[in-house]
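Going by full-length UniProt numbering, the first residue of the sequence shown is number 1, and it counts up by one from there. Before any comments, here is the structure.
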Amino acid sequence: YVTRVDENALQGTALTFMDPYVPRVYDDDTGKNGVFSLTLLNNNGTFEITPNVAERSASFLIRVRDNSWLDFEQRQSVQFKILAQELGPATNLSAMVNVTVYINDVNDNTPVFDQPGYTVELPENMTVGTKVVQVHASDLDTGLGGKVRYTAILGYLNTSLNLNAETGLITVATNSHGFDRELMPEYHLYVEARDMDGAGNRAQVPLIIKLIDVNDEVPVFDKDLYEFILATDLMGFTTSAFIHATDKDATAPNNEVRYELINGNYQNKFVLDKVTGELTVREKINLRSKKYVSQRRRRDVDATPPIGNEDDLFILTARAYDLGVPVRSSTTSIRIYPPESRKRIVTFVVPGSKLDKRKTEETLSAITGGKVYIHEIRPLRPEEPGAKDIPNDNPNIKERSVVTATVLYDSSSVVDISQIQQRLSQHNNSYSIMPEDTTRTD
Ligand SMILES: [Ca+2]
Ligand SMILES: [Ca+2]
Ligand SMILES: [Ca+2]
Ligand SMILES: [Ca+2]
Numbered sequence: 001y002v003t004r005v006d007e008n009a010l011q012g013t014a015l016t017f018m019d020p021y022v023p024r025v026y027d028d029d030t031g032k033n034g035v036f037s038l039t040l041l042n043n044n045g046t047f048e049i050t051p052n053v054a055e056r057s058a059s060f061l062i063r064v065r066d067n068s069w070l071d072f073e074q075r076q077s078v079q080f081k082i083l084a085q086e087l088g089p090a091t092n093l094s095a096m097v098n099v100t101v102y103i104n105d106v107n108d109n110t111p112v113f114d115q116p117g118y119t120v121e122l123p124e125n126m127t128v129g130t131k132v133v134q135v136h137a138s139d140l141d142t143g144l145g146g147k148v149r150y151t152a153i154l155g156y157l158n159t160s161l162n163l164n165a166e167t168g169l170i171t172v173a174t175n176s177h178g179f180d181r182e183l184m185p186e187y188h189l190y191v192e193a194r195d196m197d198g199a200g201n202r203a204q205v206p207l208i209i210k211l212i213d214v215n216d217e218v219p220v221f222d223k224d225l226y227e228f229i230l231a232t233d234l235m236g237f238t239t240s241a242f243i244h245a246t247d248k249d250a251t252a253p254n255n256e257v258r259y260e261l262i263n264g265n266y267q268n269k270f271v272l273d274k275v276t277g278e279l280t281v282r283e284k285i286n287l288r289s290k291k292y293v294s295q296r297r298r299r300d301v302d303a304t305p306p307i308g309n310e311d312d313l314f315i316l317t318a319r320a321y322d323l324g325v326p327v328r329s330s331t332t333s334i335r336i337y338p339p340e341s342r343k344r345i346v347t348f349v350v351p352g353s354k355l356d357k358r359k360t361e362e363t364l365s366a367i368t369g370g371k372v373y374i375h376e377i378r379p380l381r382p383e384e385p386g387a388k389d390i391p392n393d394n395p396n397i398k399e400r401s402v403v404t405a406t407v408l409y410d411s412s413s414v415v416d417i418s419q420i421q422q423r424l425s426q427h428n429n430s431y432s433i434m435p436e437d438t439t440r441t442d
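Spelled out as structure tokens, the structure:
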């Protein structure tokens with residue numbers, strides 16, 4: 001007898017025998033001599049036969065009793081015998097027949113990846129085409145049930161990766177992939193494989209991409225401009241004088257910051273601590289010598305003394321650099337004012353949109369009686385508080401600007417009202433004291 005059964009066939013599944021196999025047994029004896037039993041030999045309890053006892057003639061039925069042997073991946077067939085044994089007291093004749101049951105393969109295995117997980121290390125600045133990893137999964141089933149395709153990458157930034165469905169090769173899909181060591185040290189994704197050529201059973205495996213920090217962040221100073229005032233003894237400052245920059249890189253030495261003065265420190269009057277960023281005075285500052293030097297530098301400038309003591313102002317440029325490769329750096333300005341200075345950050349609302357920075361500084365200096373250093377000039381937005389405070393009935397005033405400046409007062413501030421009055425009288429409106437541009441100034 002020969003037949004086929006699906007693997008994993010459930011208990012009770014009957015074997016069907018097709019022509020020429022007729023599931024029938026008979027014994028031509030009559031009476032008790034025609035009574036016989038039917039048993040299965042050597043099938044490990046996989047099948048059972050009914051009836052167990054018959055007389056003269058019977059159709060038999062073989063059913064699955066225990067399907068643990070019906071695993072195509074273990075064996076392709078089960079072979080056993082049927083024994084028909086007479087039971088009469090005076091006779092002991094028997095017959096045996098071979099049965100071969102071939103097992104049909106069923107797609108009962110999911111693909112299995114070669115590794116429980118894939119972990120790779122890549123630099124955060126990897127570029128398009130960079131190989132991430134090649135995954136592989138196999139499937140025990142035969143035919144289409146064992147044909148594996150790699151069908152998906154799942155998880156955050158999965159669209160930044162390409163997956164070859166045939167080979168399992170994963171590459172970086174774009175230069176702007178978004179993997180950033182400063183945002184996350186590692187990214188957890190999954191790779192999916194399916195049998196039936198991509199339409200069947202699914203399997204997933206973790207893919208962990210660990211990013212290696214690259215020196216792609218520049219140290220950035222907390223401020224564009226640092227201002228310090230010399231103490232009266234000219235040996236230090238009125239406050240501790242630190243500059244500070246932050247480097248967002250994730251690891252050292254890419255985020256280790258050092259400081260240096262790169263401009264303005266004539267005669268090495270100032271010392272900048274390389275590590276802490278603290279600015280100190282090397283030895284007592286001689287202001288007159290600085291005046292002398294700067295007067296010599298600009299002796300062709302007009303003889304009128306500037307308002308305040310501009311000559312006593314030191315302007316340094318400092319650089320913050322990291323210890324990564326390649327080195328990245330940025331700069332900031334440091335202004336050091338003479339002793340007795342009183343400085344205020346003041347925001348002025350000024351008519352006009354194209355202000356001349358130097359002339360505006362002069363005008364604001366005349367009005368405030370201090371020395372004005374402009375940081376920023378920008379247009380006044382209509383919704384800003386200051387926008388409402390200026391009357392709109394003057395047809396000449398269409399645009400206004402916001403000027404942010406440091407106003408520096410030394411021990412003797414002078415406001416010359418007559419100078420302001422003179423500017424007012426030269427023009428019929430009060431706003432014309434501001435020099436809007438070179439053609440309309442004064
Ligand atoms: Ca199978
Ligand atoms: Ca399969
Ligand atoms: Ca860096
Ligand atoms: Ca980095």
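Beta carbons are placed, not taken as given, at the ideal position from N, Cα and C, and that holds for glycine. Since the model is a prediction, treat every value here as computed from it, not as a measurement.
Coarse secondary structure for residue i, derived from DSSP in three states
i: I367; result: helix
i: K32; result: helix
i: E192; result: strand
i: Q74; result: coil
i: Y156; result: coil
i: T304; result: With a pLDDT of 40 at T304, under the threshold of 50, the predicted position of this residue should be treated as unreliable, though the coordinate-derived value follows. Looking at T304 - three-state DSSP - the assignment turns out to be coil, as it is neither helix nor strand.
i: E361; result: helix
i: D197; result: helix
i: I82; result: strand
i: Q134; result: strand
i: D19; result: coil
i: L234; result: coil
i: L323; result: coil
i: S68; result: helix
i: residue 453; result: Outside the displayed range of the chain (1 to 442) lies residue 453, so it cannot be described from this structure.
i: L169; result: strand
i: L144; result: helix
i: S418; result: helix
i: L287; result: helix
i: S176; result: coil
i: K354; result: coil
i: R299; result: Note that R299 has pLDDT 45, beneath the 50 cutoff, so the model's placement of it is unreliable and no number is given.
Backbone CA spacing between residue i and residue j [nearest angstrom]
i: L83; j: Y1; result: 13 angstroms
i: L234; j: K248; result: 36 angstroms
i: T16; j: P23; result: 9 angstroms
i: V415; j: N255; result: 49 angstroms
i: Y226; j: L408; result: 14 angstroms
i: T30; j: R63; result: 29 angstroms
i: A90; j: V106; result: 49 angstroms
i: T317; j: S412; result: 29 angstroms
i: F47; j: Q204; result: 37 angstroms
i: V99; j: R4; result: 11 angstroms
i: F221; j: S329; result: 10 angstroms
i: Q74; j: E7; result: 10 angstroms
i: Q422; j: L364; result: 15 angstroms
i: Q295; j: L261; result: With a pLDDT of 48 at Q295, under the threshold of 50, the modelled position of that residue is not reliable, and the figure given next carries that caveat. For Q295 and L261, the distance between alpha carbons rounds to 24 angstroms.
i: V101; j: V25; result: 19 angstroms
i: P379; j: V372; result: 19 angstroms
i: S401; j: Y337; result: 27 angstroms
i: V325; j: N215; result: 6 angstroms
i: G129; j: Q115; result: 23 angstroms
i: V293; j: I229; result: In this predicted model, V293 has a pLDDT of only 46, less than 50, meaning its place in the structure is not dependable; the value taken from the coordinates is given anyway. Whole-angstrom Cα-Cα distance: 20 angstroms.
i: G12; j: G168; result: 42 angstroms
i: Y21; j: M96; result: 15 angstroms
For residue i, the nearest candidate out of the options (CA to CA)
i: K32; options: N42, E48, D19 and S57; result: S57
i: A231; options: E340, A14 and Y190; result: E340
i: E283; options: K274, K269 and V275; result: K269
i: L154; options: G369, Y190, G117 and V325; result: Y190
i: D273; options: P338, D322, R258 and Q267; result: R258
i: K81; options: I212, L287 and N44; result: N44
i: S68; options: M96, A9 and V172; result: A9
i: L144; options: D27, G200 and L323; result: G200
i: T406; options: V132, I208, L40 and E361; result: E361
i: F179; options: P123, N164, E166 and N215; result: P123
i: I334; options: P379, H375 and I208; result: H375
i: K223; options: I103, R319, H188 and V112; result: R319
i: Y156; options: N125, P206 and D141; result: P206
i: D356; options: F72, P51, I420 and V403; result: V403
i: P253; options: D322, L161 and E166; result: D322
i: S418; options: R381, D410, A366 and E399; result: A366
i: G264; options: V275, T332, E217 and T251; result: T332
Is the number of C-beta pairs between the segment 139 to 150 and the segment 230 to 242 that are closer than 8 angstroms three or more?
-> The segment 139 to 150 is not in contact with the segment 230 to 242.
contact_flag[the segment 188 to 201, the segment 344 to 353] where n(CB pairs < 8 angstroms) is 3 or more | As far as the Cβ criterion goes, the segment 188 to 201 does not touch the segment 344 to 353, which means the pair count is below three.
When a residue counts only if its C-beta is closer than 7 angstroms to some heavy atom of ligand 4, which residues count, in chain order?
-> Ordered along the chain, residues surrounding ligand 4 are E124, R181, E182, D213, V214, N215, D216, E217, D249, A250 and N254 [Cβ under 7 angstroms from any heavy atom].
In chain order, what residues have a CB nearer than 5 angstroms to some heavy atom of ligand 2?
-> That query returns the following residues: N107, N109, D139, D141, G145 and D195.
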